[in-house]
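Working notes for the structure below.
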Amino acid sequence: MGTNVAIKEIKIKRMKIAKPIVDRELCVHSQLRHPNSVMLMAFAIESARLYLVSELINGVTFDSSLFGIDGPSMSMSLKLNVCLKISKAVAYLQNPMIIHRDIKPEYVLVANEFHVVKLCDMGVSKLRQQTIL
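Have a look at this one:
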């Protein structure tokens, strides 16, 4: 039996202009291996489309859970637990010098009664430049 995956399709209108952005997301995503970050498993570029293959998270976004859109609203304890897990992912990103630049509840996936918490969408992330003094 195979592994279930999520496939994100990105249409690229101007490949020459978009290539640095595409390269950045692939570079950033390919370096991530943390339990609270969605793992990129593979990618492909076909014509003017980029396909990102990542682990599948069967859940909802944190924002829909936070405000009770997809069910009852969360307790304060659960909200803090999700925030703690995301802060661990952000702390991990600092080690390989990655800046997410767009952390918000809609880019956090939660599943299995909030035991699975994953930071996703690295589209505007960038590698932080090292400064040598």
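Following full-length UniProt numbering, the numbering of the sequence shown begins with 1 at its first residue and continues without gaps. Ideal Cβ placement from N, Cα and C applies to all residues, glycine included. Treat the numbers as computed from the prediction; the structure is a model and nothing was measured.
>> Buried or exposed, going by whether 16 or more other CB atoms sit within 10 Å of the CB of Ala42?
In response: Translated into positions along the sequence shown, residue 42 becomes position 42. That one is exposed.
>> Strictly by DSSP, which residues pair up with residue 136?
In response: It is not possible to answer for residue 136, since the shown part of the chain is limited to 1 through 133.
> Taking the alpha helix (DSSP H) that Tyr51 falls in, what are its first and last residues?
Replying inline: Locating residue 51 in the sequence shown gives position 51, counting from the first residue. Taken as a continuous stretch (DSSP letters only), Tyr51 belongs to no alpha helix (DSSP H), being part of the beta strand (DSSP E) at Arg49 to Glu55.
> In this structure, does DSSP put Thr131 in helix, strand or coil?
Replying inline: For the purposes of this step, residue 131 is taken as residue 131 along the sequence shown, with counting starting at 1. At Thr131 the pLDDT is 44, less than 50, meaning the model places this residue with poor confidence; the figure from the coordinates comes in the next sentence. Coil at Thr131, not helix or strand.
> Does the pairing of the stretch 104 to 124 with the stretch 55 to 63 give three or more beta-carbon distances under 8 Å?
Replying inline: yes
>> So, at 8 Å on beta carbons, what are the nonlocal neighbours of Arg33 in its own chain, with the 5 sequence-adjacent residues on each side left out?
In response: Position 33 of the sequence shown, counted from the first residue, corresponds to residue 33. Contacts found: Met39.
> Would you call Asn4 buried or exposed, if buried means 16 or more other Cβ atoms sit within 10 Å of its Cβ?
Replying inline: Here residue 4 is taken as the residue at index 4 of the sequence shown, counted from 1. When all chains shown are included, Asn4 counts as exposed.
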